[in-house]
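Okay, structure first, notes after.
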Amino acid sequence: MDSGALRQQILETAMVKGSYVRPDGSKFDTYFDVFRLYADATLTRAIAMAIADQLTEPFDAVAGIALGGVPLATHLAAALDKPMLVVRPSAKSYGTYAQVEGLTRRGGRALLVDDVVRHATMMVTAQKALAQVDVEVSEAACILTFGHSGYELLRNQGVKLHSVLARMEHK
């Protein structure tokens, strides 16, 4: 699928109209519902391949940010034949008590993956969690970015962000 057709299919599938509220309390009338994309394995695989085509740095694993980045990271890891890690916002309060799940290789490199990036604060938190287990991040990927602040914050952290679809702002 060419990139224009892929972008159009993403928008037609995931952008829903209604009345929504962001975590900060601001309101908007469209919502990017990534789980509508993930319900279509063929579309998710096409998104993963579009991201794979943009990558420039070598890496040892694909690290998905829980929850929205994990399905995409799963498809990317399978397509690229790499192990997958899951990065939680904070350490689990039970079981392994880990913030980073999966088999990490100290001194390794990971591609960091999330669904949507607005300000990239979750990506920076995940990058720091990976650094705690001695895994470096120099590239990150997402399906959709809003604005430029996420790109800038990650660039300041030494991370290049790739996105399939970029929008200036949520309306």
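The numbering of the sequence shown is the numbering used here, which starts it at 21 and goes up by one.
Every residue gets a Cβ at the ideal spot worked out from N, C-alpha and C, and that includes glycine.
These numbers were taken from a predicted model, which means no experiment stands behind them.
- With fewer than 16 other beta carbons inside 10 angstroms of its own, P109 counts as exposed.
- Under a 10 Å Cβ-count criterion, L92 is classified as buried, with 16 or more other Cβ atoms of the shown protein chains found around its own Cβ.
- The beta carbon of V120 lies closer than 8 Å to those of A83, L105, V106, V107, R108, A149, L150, Q152, V153, V155 in the same chain, with the five residues before and after it left out.
- When R129, A86, A111, I85 are compared, the shortest CA-CA separation from K102 is found for R129.
- A check of alpha carbon separations from G38 across K47, G127, V137, L31 identifies K47 as the nearest.
- Of all alpha-carbon atoms in M69, R56, A72, T145, the one lying nearest the alpha-carbon of L31 is that of R56.
- Burial of Y171 is indicated by the presence of at least 16 other C-beta atoms within 10 angstroms of its C-beta.
- Taking C-beta separations shorter than 8 Å and ignoring five residues to either side along the sequence, the partners of K180 in its chain run T76, E77, S158, E159, A160, L174, following chain order.
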